[in-house]
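Residue numbers (this note's numbering), protein chains in the order written: chain L, 1 to 312; chain B, 1001 to 1560.
Where a beta carbon is used, it is the ideal one built from N, C-alpha and C, also for glycine.
Report on the structure given below.
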Amino acid sequence: MLQVGNNLTSTWARIKDSDIYHSFIKSPTAIISSSILIIIFFCSFFVELVTPYNPFDPSSLSLMDAFTPPSWTEDGLAKFILGTDGQGRDMLATILYGSRISLIVGFAAILFSLILGVSLGLTAGYFGGKYEMIVMRLTDVQLTVPSILMALLVDGIARGIISREMHDEMAIYVLIFAIGISEWPQFARVSRAATLVEKNKDYVSASTIIGVSNLIIMFKHILPNILRPVLVIGTIGLALAIIAEATLSFLGVGVPPTTPSLGTLIRLGNDFLFSGEWWITFFPAIFLVILAFSINLLGDWMRDTLNPRLKK
Amino acid sequence: MSFLKISNLSVDYKMRKETVYAAKNINIEVNRGEILGLVGESGSGKSTIANAVINLIDEPGKISTGTIKLGDLDINKDTSKILNYRGKKIGLIFQDPQTSLNPILTIGEQLIETIQTHINISKEEAKKRSIDLLKEVGIKDAENRFDNYPHQFSGGMRQRVVISLALCCEPELLIADEPTTALDVSIQSQILDLIKKLTRERNLAVILITHDMGVIAETTNRVAVMKNGNLVEVGPTKEVLTKPKEIYTKSLVSSVPPTDKKITRFIIIEKENKTEKETNLKILNRWTKKRLTEQDLVQVKNLSKSFDDNFFTENSKNSVIAVNDVSFDIKEGESFGLVGESGSGKSTIAKMIVNLYKPSSGDVFFDNVCITKIKRNSEMMNFRKQIQMIFQDPYSSLNGRLKVKDIVSEPIKLHNPSISRIDLDNYISDLLESVELTQSSSERYPHEFSGGQRQRISIARALATQPRLLICDEPTSALDVSIQAQILNLLKDLQEQLNLTILFISHDLPVVRQMCDRIGVLKDGKLCEISNTEELFHKPQNEYTKELLHLMPKIESIYN
């Protein structure tokens, strides 16, 4: 046990001593954006602790509360800070429940495309030859199809082969697959380029001469050395995936209205925009902007810190 | 009154954790018509002084004390005037001629631009002047080559263009920062001769920064030795090299491989106080030592390799022949040297022997088995174990994400999967001991070590499979001369105790002379000559070998 404790403190000491930690401390953008993200993540995943309302429990809803404006306006109620929607659901709670779905879809989609893209890019860069050519042309083709179109296509096919009742259950997986499949070429390209650099370094030759198998060289030796750029585009890709999810849900091909995500909320609120109930669409939208913007800022900071060539 | 006078100069870099003194209380003077050599290991502050003179010290470094006087000008007081001096009164030559010229401008445009920045003359006059300069630095057909782009010149020619750029505004001080390090021996001597000639004819004051003691001995009038930002010793070159006063200078001089004789070991002066290390290595207990026989361990037969540079067409017209019909053999326990300039195919041969490249034609036999034709992986593993390699660049040959013990244990676990943990730990510590690293190294990461220590880790990894043949591909050319001496000593000791067969690849003739029993000389992928080391150095047969021997910078030249 003592040893574990020692290891922990020394790891913490190493982190505190590292350049990344110091660059983080010195960058207000990084601190602010990561604090916002931590708050959003916490509130979304532990939403039951943050708010007393459950928008999906019909017994707790009262239509009398419908269309309550935000609390600081004239007709506002203190118990609904951001007001309520047409069914009397508290906006804040709905947004947090919605952002949980958005985040899950975003993370899962980016993880899917990261694993797919990195394995293809790594193997393509390492083996080269015809295999590399096929993989890289495939990414070129993939990049010519706009990601929204790709996702619509996948969704359309899924609707064709899955029955309607099943589809609502499966919707979230279809969405993850649809977004993931349209993002992987980024990862494939970056990891292939980094692999081409790494595989010509002597430590790879040394392992080959020792007799280490290709699989182990790729995943034990090369993979940890190419993770930095992959991580950077992964972070920026996460923001893109969340926005893609919102776009698809806004268009009505994303998650069903029974479990609304941020995009679904914006779409539902959109109907009330011109009748004066602006908050129903405004707050989910602004929440989405803050979320995506913070992730992007953090991604920018990571790119500057992890890429020594950009350092001044 | 000396021309350039640096007094009490200190430069420090305020880093996050500490302040690094790149130079401490330096006093140096340079006169007109004199070449001052600045010598020292990497990080000793040689380039910092040069940068201070032209007032180009990178942030966060700054000159904390001291003055630099060029004639009457106090350089770091009057920073507004330095712009007129830089390029005009002070000319600069950098190490790498590939990157010090702008690739998208013709050399003529670059010359005219520089001249017109400093001197108020018309374009035609500037052109005339540039052509004269190009002629002066030895570029033939200067009128036509004026409109050529940098890539149309060879490395040596490009460095001449860089020199003409440095000279174009008739500077009085010339700073050459490792001007020949990126060049081959034959071109190096031409460039050094040119610098000497220009110094004489133009009455220049020259600061020549280098780590090569041979270059210092052959070129400079006076030399300043630096270590860790301190000036150790300064004086006339002959005096400093033949009768060094300071211990550091003595050890530096004794680490330089002599070109005229073979010595058994390098004398490491700084280490002399330490106790003699034990002569028996612990790894010997595990080692099945090969008895020395007169048999050939390695036979290379008619080996050729060509690289196709065209992906789509498969015709061999575009292919580059890297190795052309090379044959040699290495006896068990022998050390065989391969010498040649860059691009002569030395490393390609090594990579074919370890099976990283497939030969285009010809075969490699190891222990009378043709290893270039082995198809089965399991069979190959048997040979992988017996042939190991040490690489040139200690910074890229170790995976920075693994601890030293994981790097060293990888080959052990691979070839002996059933080894117990305790046995493995013992083996690792024995290996580290054999390359003179402390036991605590095993828990650390490669970036915590210096270049020489990393090279030791590389050697430990190579020894882990108990190889019979060790291929050393320029193992010391990225290292400082005193570290080089230590590594070469280590390799000699290991070879003696373990009866290793060594294939030693280098461009550095003095080093090869110290390390090898027999030497093969390569040129453009062809083997010119193979003979015993002493024979090769005394009675070279081939014209190219003669030229190489004649041109290599000799530290002994100082005695003549």
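Asked: From I1068(B) to I1075(B), what distance separates their C-alpha atoms?; Found: 6 Å
Asked: Helix or strand or just coil, what does DSSP make of K1245(B)?; Found: coil
Asked: Of all Cβ atoms in chain B, is any one closer than 8 Å to the Cβ of S59(L)?; Found: no
Asked: Using only the alpha-carbon positions, how far apart do V118(L) and A158(L) sit?; Found: 26 Å
Asked: Hey, does T1099(B) have any beta-carbon neighbour from chain L nearer than 8 Å?; Found: no
Asked: What is the rounded straight-line gap between the Cα of I233(L) and the Cα of I36(L)?; Found: 20 Å
Asked: Can you give me the start and stop residues for the beta strand (DSSP E) that F321(L) sits inside?; Found: Since the first residue of chain L shown is 1 and the last is 312, residue 321(L) is not available in this structure.
Asked: Tell me the rounded alpha-carbon separation between S18(L) and I1321(B).; Found: 47 Å
Asked: Beta carbon of G1037(B), beta carbon of V1223(B): below 8 Å?; Found: yes
Asked: Thinking C-alpha only, which one of T305(L), F127(L), I38(L), E169(L) is nearest N200(L)?; Found: F127(L)
Asked: Within the continuous alpha helix (DSSP H) that includes M1226(B), where are the two ends?; Found: Note, M1226(B): premise wrong, no alpha helix (DSSP H); beta strand (DSSP E) at 1222 to 1227.
Asked: The beta strand (DSSP E) spanning Y173(L) covers which residue range?; Found: Not the beta strand (DSSP E): Y173(L) falls in the alpha helix (DSSP H), residues 164 to 199.
Asked: Tell me which residues of the stretch 187 to 217 of chain L have at least one Cβ-Cβ distance to chain B shorter than 8 Å, keeping chain order.; Found: K201, D202, Y203, S205, A206, S207, T208, I209, I210, G211, V212
Asked: Strictly under 8 Å for the Cβ-Cβ distance: is V1354(B) near chain L by that measure?; Found: yes
Asked: Looking at the structure shown, is K1554(B) part of a helix, part of a strand, or coil, going by DSSP?; Found: coil
Asked: Going by DSSP, name the residue or residues bridged to V1369(B).; Found: F1366(B)
Asked: By Cβ distance below 7 Å, which residues in the same chain neighbour G1452(B) in space, the five residues on each side in sequence not counted?; Found: L1479, I1483, Q1486, I1487
Asked: Have a look at L1111(B) and S1186(B) and give me their C-alpha separation to the nearest angstrom.; Found: 26 Å
Asked: Check for me: the alpha helix (DSSP H) holding M1352(B) runs from which residue to which?; Found: 1346 to 1353
Asked: Would DSSP call S1477(B) helix, strand or coil?; Found: coil
Asked: What first and last residue would you give for the alpha helix (DSSP H) that runs through C43(L)?; Found: 28 to 45
Asked: Closer than 8 Å, Cβ to any Cβ of chain L: which residues of the stretch 1366 to 1383 of chain B, in chain order?; Found: M1380, M1381
Asked: Kindly indicate which three-state DSSP category V1011(B) falls into: helix, strand or coil?; Found: strand
Asked: Of all the residues that make up the stretch 7 to 24 of chain L, which are near chain B by a beta-carbon distance shorter than 9 Å?; Found: D17, D19, H22
Asked: Taking the alpha carbon of I40(L) as the point to measure from, which residue in D85(L), K26(L), I101(L), A78(L) has its own alpha carbon closest?; Found: I101(L)
Asked: Taking DSSP as the reference, what is the three-state secondary structure of T1180(B)?; Found: coil
Asked: Alpha carbon to alpha carbon, how far is E1276(B) from A188(L)?; Found: With a pLDDT of only 47 at E1276(B), under the threshold of 50, the placement of this residue in the model should not be trusted, and no figure is reported.
Asked: Using 10 angstroms around the beta-carbon of P1446(B), count the other beta-carbons present and answer buried if the total reaches 16, otherwise exposed.; Found: buried
Asked: Assign K1062(B) to one of three DSSP states: helix, strand, or coil.; Found: strand
Asked: Given that P224(L) touches chain B, what residues does it touch there, using C-beta distances under 7 Å?; Found: R1401
Asked: Which word fits V1256(B), buried or exposed, when buried means at least 16 other C-beta atoms lie within 10 angstroms of its C-beta?; Found: buried
Asked: Would you list, in chain order, the members of the stretch 1404 to 1428 of chain B that have their beta-carbon closer than 8 Å to a beta-carbon of chain L?; Found: E1410, P1411, L1414, H1415
Asked: Around the C-beta of L298(L), are 16 or more other C-beta atoms found within 10 angstroms, so that it is buried, or is it exposed?; Found: buried
Asked: Helix, strand or coil for E74(L)? Go by DSSP, reduced to three states.; Found: coil
Asked: Which stretch, first to last residue, makes up the alpha helix (DSSP H) that contains N1542(B)?; Found: Per DSSP, N1542(B) belongs to no alpha helix (DSSP H) and is neither H nor E.
Asked: Give the DSSP-derived three-state secondary structure of L82(L) in the structure shown.; Found: coil
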